[in-house]
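Trainee:
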Amino acid sequence: MVMLFVMLYMTVLGMSMVLLFVERRVSRRQTTVVFCGSLVLVLALVIGVYCRLGIETLVYLYSLVAHVPALLLCLYLSRHRGWRLLFQLLSSILFCALIQHAAGLVYYLSGNRFWVLAAAYALLTPLVLWFLLRVLRPLFRQVLLELQHGWWLICLVMAGYYIIVIYLIPGYVGFNFSSTVLKPAVSLLMVGFYSLLMILFSSLQKESQARYHSQLSALRLSALQSRIEAVKAAEESIRVERHDLRHRLQTLTTLIIRGDQETALQFLDAAQRRLDEHKPVRWCQPPVLDAMFSSYFDQARHQNIQVDAHIALSGALPVDEGDFAVVIANILENAIHACLKLPQPHRVIRCKIIGAPSLMLEVANPCNEPISFDQSGRPISRKKGHGIGIQSIRAFCQNYGAVCEFRLSDGWFSVQLIV
Numbered sequence: 001m002v003m004l005f006v007m008l009y010m011t012v013l014g015m016s017m018v019l020l021f022v023e024r025r026v027s028r029r030q031t032t033v034v035f036c037g038s039l040v041l042v043l044a045l046v047i048g049v050y051c052r053l054g055i056e057t058l059v060y061l062y063s064l065v066a067h068v069p070a071l072l073l074c075l076y077l078s079r080h081r082g083w084r085l086l087f088q089l090l091s092s093i094l095f096c097a098l099i100q101h102a103a104g105l106v107y108y109l110s111g112n113r114f115w116v117l118a119a120a121y122a123l124l125t126p127l128v129l130w131f132l133l134r135v136l137r138p139l140f141r142q143v144l145l146e147l148q149h150g151w152w153l154i155c156l157v158m159a160g161y162y163i164i165v166i167y168l169i170p171g172y173v174g175f176n177f178s179s180t181v182l183k184p185a186v187s188l189l190m191v192g193f194y195s196l197l198m199i200l201f202s203s204l205q206k207e208s209q210a211r212y213h214s215q216l217s218a219l220r221l222s223a224l225q226s227r228i229e230a231v232k233a234a235e236e237s238i239r240v241e242r243h244d245l246r247h248r249l250q251t252l253t254t255l256i257i258r259g260d261q262e263t264a265l266q267f268l269d270a271a272q273r274r275l276d277e278h279k280p281v282r283w284c285q286p287p288v289l290d291a292m293f294s295s296y297f298d299q300a301r302h303q304n305i306q307v308d309a310h311i312a313l314s315g316a317l318p319v320d321e322g323d324f325a326v327v328i329a330n331i332l333e334n335a336i337h338a339c340l341k342l343p344q345p346h347r348v349i350r351c352k353i354i355g356a357p358s359l360m361l362e363v364a365n366p367c368n369e370p371i372s373f374d375q376s377g378r379p380i381s382r383k384k385g386h387g388i389g390i391q392s393i394r395a396f397c398q399n400y401g402a403v404c405e406f407r408l409s410d411g412w413f414s415v416q417l418i419v
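Residue numbers (my numbering): 1 to 419.
This is the structure we're talking about:
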């Protein structure tokens with residue numbers, strides 16, 4: 001009965017860890033229903049195999065009884081596929097094995113006292129779950145996006161561990177001497193390998209954060225420089241207009257003396273239009289966003305791209321201004337690149353942003369190329385070095401709970417974001 005308890009406990013714990021490692025692509029309600037149904041089915045299979053075939057057969061068939069359903073659960077819930085998906089499953093199995101091996105070792109050393117085994121589980125389980133939630137889960141979410149290659153090698157090492165502790169070393173930790181010694185020893189080696197992975201993942205995370213802050217700083221600098229240049233150009237034009245003002249006043253005086261009021265009004269109107277043309281456009285109150293809009297909209301106009309912008313943003317935003325500026329910059333940059341592939345008459349960018357009742361953004365541009373989307377509805381880039389902007393947008397949505405949708409309809413590609 002102790003073995004059955006261990007198998008049932010590890011099944012519940014392992015299936016629960018799957019939820020910690022995977023990044024869900026379905027709603028919370030669907031996740032709950034599928035998880036509960038899968039857990040009940042797997043527990044029923046474990047009990048059924050134990051009652052009909054015995055504990056030895058159950059241990060041998062446990063991969064088929066529990067791990068295959070866990071893999072199917074990952075396939076249904078996870079946004080990721082391929083080696084990343086296998087890594088998530090093998091990671092959950094690894095941490096379950098670490099808990100079982102540590103608890104089984106204590107159980108064996110205590111003289112097979114059941115209460116010691118239960119106490120070890122009660123102590124180790126919350127500690128491991130806390131570590132997964134507070135340390136590994138945030139790290140994994142970013143690394144799964146950043147690391148593009150090498151997952152097969154990581155999975156190969158973890159699969160080797162899986163085969164060794166389940167099939168090549170017979171017995172169960174805590175119930176016979178050889179498995180109680182050998183399996184924890186192999187698990188310690190795996191802990192060392194996983195520690196190296198954590199160092200690698202942490203360095204990737206720091207590199208990603210450094211790259212993000214560098215991008216943000218470059219964006220702010222570029223946008224502010226563009227704004228400064230626009231202000232300087234406006235000041236120079238106004239200086240020229242001021243220099244010519246006495247000549248215009250003389251001309252206007254002559255027209256009034258002659259009684260040609262209509263020509264005088266037209267002359268004043270033309271002068272006013274010239275002044276308005278040199279006046280810097282203020283797109284919104286937040287200064288970084290205003291400078292960013294000026295920079296990218298000026299880039300678009302210099303490339304003969306028509307810009308149709310309607311922006312209504314107050315000074316207060318529900319998100320960090322710099323983070324939001326990076327997202328918009330990535331979207332507008334992609335839109336400009338897409339428009340440059342089109343004939344000049346078809347180049348246009350539509351940008352609409354409002355700050356109330358929610359922060360909502362929509363950017364659309366014509367697109368004459370086919371675009372592939374993944375199962376989450378995000379565009380897929382096949383070119384090396386591309387797709388980083390989409391990852392940045394996705395990270396923003398994760399940090400602020402935003403919803404982003406990409407569409408391709410009637411030759412128009414659009415991005416809609418709601419915070």
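No residue lacks a Cβ here, since even glycine has one placed at the ideal position from N, Cα and C.
Use the C-beta contact count for Gln-100: other C-beta atoms within 10 angstroms, 16 or more gives buried, fewer gives exposed.
Mentor: Result: buried.
Trainee: Considering only residues of the same chain and omitting the five flanking positions on each side of Trp-152, which have a CB-CB separation below 8 Å?
Mentor: The answer, listed in chain order, is Trp-83.
Trainee: Given a cut-off of 9 Å on the beta-carbon distance, is the pair Thr-57 and Val-49 in contact?
Mentor: In this structure, Val-49 lies closer than 9 Å to Thr-57 by Cβ.
Trainee: Ile-349 by DSSP, collapsed to three states: which one?
Mentor: Correct three-state label for Ile-349: strand.
Trainee: If you count every other CB in all the chains shown that lies within 10 Å of the CB of Gly-174, and 16 or more means buried, which is it?
Mentor: The residue is buried, with at least 16 neighbouring Cβ atoms inside 10 Å.
Trainee: For Met-158, which residues from the same chain have a beta carbon less than 6 Å from its beta carbon, with the 5 sequence-adjacent residues on both sides left out?
Mentor: Closer than 6 Å at Cβ, skipping near neighbours: Leu-90.
Trainee: So the candidates are Ile-305, Val-307, Asp-298, Glu-321; which of them puts its Cα closest to the Cα of Pro-454?
Mentor: Any question about residue 454 goes unanswered here, given that the chain covers just 1 to 419.
Trainee: Would you list, in sequence order, the uninterrupted alpha helix (DSSP H) runs of no fewer than 4 residues that lie entirely inside the stretch 96-174?
Mentor: Here the runs fully enclosed are 114-131, 137-146, 151-163.
Trainee: Just the Cα atoms here: how many angstroms apart are Phe-297 and Val-307?
Mentor: Taking the straight line joining both Cα atoms gives about 7 Å.
Trainee: Between the beta-carbon of Leu-139 and the beta-carbon of Phe-201, is there less than 9 Å?
Mentor: Going by C-beta atoms, Leu-139 is nearer than 9 Å to Phe-201.
Trainee: Compare the beta carbon distance of Leu-365 and Ser-414 with 9 Å and say whether it is the shorter of the two.
Mentor: Per the sequence shown, residue 365 should be read as Asn rather than Leu. Result yes, Cβ atoms of Asn-365 and Ser-414 sit closer than 9 Å.
Trainee: Less than 9 Å between the beta carbons of Phe-293 and Phe-396, yes or no?
Mentor: The answer is no: Cβ separation not under 9 Å.
Trainee: Using three-state DSSP, classify Trp-412 as helix, strand or coil.
Mentor: Residue state, collapsed to three classes: strand.
Trainee: Grouping DSSP H, G and I as helix and E and B as strand, with all else coil, what is Leu-417?
Mentor: Leu-417: strand per DSSP, three-state reduction.
Trainee: With DSSP run on the structure shown, which of helix, strand or coil describes Glu-23?
Mentor: Here Glu-23 sits in coil by DSSP.
Trainee: Under 8 Å by Cβ, that's how I've got Leu-105 and Thr-180 pegged, so tell me the actual separation to the nearest angstrom.
Mentor: At roughly 6 Å, the Cβ-Cβ gap stays under 8 Å, so Leu-105 and Thr-180 are in contact.
Trainee: Are at least three pairs of beta-carbons, each pair with one atom in the stretch 176-193 and one in the stretch 123-135, less than 8 Å apart?
Mentor: The answer is no - the stretch 123-135 does not touch the stretch 176-193, with fewer than three Cβ pairs under 8 Å.
Trainee: Between Ile-349 and Ala-312, how many whole angstroms is the CB-CB distance? I'm expecting something under 8 Å.
Mentor: No, Ile-349 and Ala-312 are not in contact; Cβ-Cβ is about 17 Å, not under 8 Å.
Trainee: Quick one: Cα of Leu-124 to Cα of Tyr-107, how far?
Mentor: Leu-124 and Tyr-107: Cα-Cα distance of roughly 13 Å.
Trainee: Does Ile-371 come out as helix, strand or coil in the three-state DSSP assignment?
Mentor: Note: Ile-371 maps to coil in three-state DSSP.
Trainee: According to DSSP, is Arg-407 part of a helix, a strand, or is it coil?
Mentor: If DSSP states are grouped into helix, strand and coil, Arg-407 belongs with the strands.
Trainee: Suppose the cutoff is 6 Å on Cβ atoms and the five residues either side in sequence are ignored; what does the same chain contact list for Leu-39 look like?
Mentor: These residues qualify, in order along the chain: Met-15.
Trainee: For Leu-19, I'd like the list of residues in its chain whose CB is within less than 6 Å of its CB, leaving aside the five on either flank, ordered along the chain.
Mentor: Nothing listed; no residue qualifies.
Trainee: Quick one: what's Asn-365 bridged to in DSSP?
Mentor: Asn-365 is bridged to Phe-413.
Trainee: Hey, quick one: how far does the alpha helix (DSSP H) through Val-34 stretch, first residue to last?
Mentor: 28-53 is the extent of the alpha helix (DSSP H) around Val-34.
Trainee: Check His-302 in the structure and name its three-state DSSP category.
Mentor: In the structure shown, His-302 sits in a helix (DSSP, three-state: H, G or I).
Trainee: What do you get for Pro-126, buried or exposed, if any count of 16 or more other CB atoms within 10 angstroms of its CB means buried?
Mentor: Answer is exposed; the Cβ neighbour count stays below 16.
Trainee: Measuring only the C-alpha atoms, how far is Asn-368 from Glu-207?
Mentor: Rounded to the nearest angstrom, the two C-alpha atoms are 35 Å apart.
Trainee: Tell me whether the beta-carbon of Tyr-172 lies closer than 9 Å to the beta-carbon of Val-65.
Mentor: No.
Trainee: Indicate the three-state DSSP secondary structure (helix, strand or coil) for Pro-287 in the structure shown.
Mentor: Three-state DSSP puts Pro-287 in a helix.
Trainee: Would you please state the rounded distance, in angstroms, between the beta carbons of Ile-336 and Gln-303? I believe it to be under 8 Å.
Mentor: The pair is a contact, with the Cβ atoms about 7 Å apart (cut-off 8 Å).
Trainee: Distance, Cα to Cα, His-310 vs Ile-328?
Mentor: Roughly 14 Å between the two C-alpha positions.
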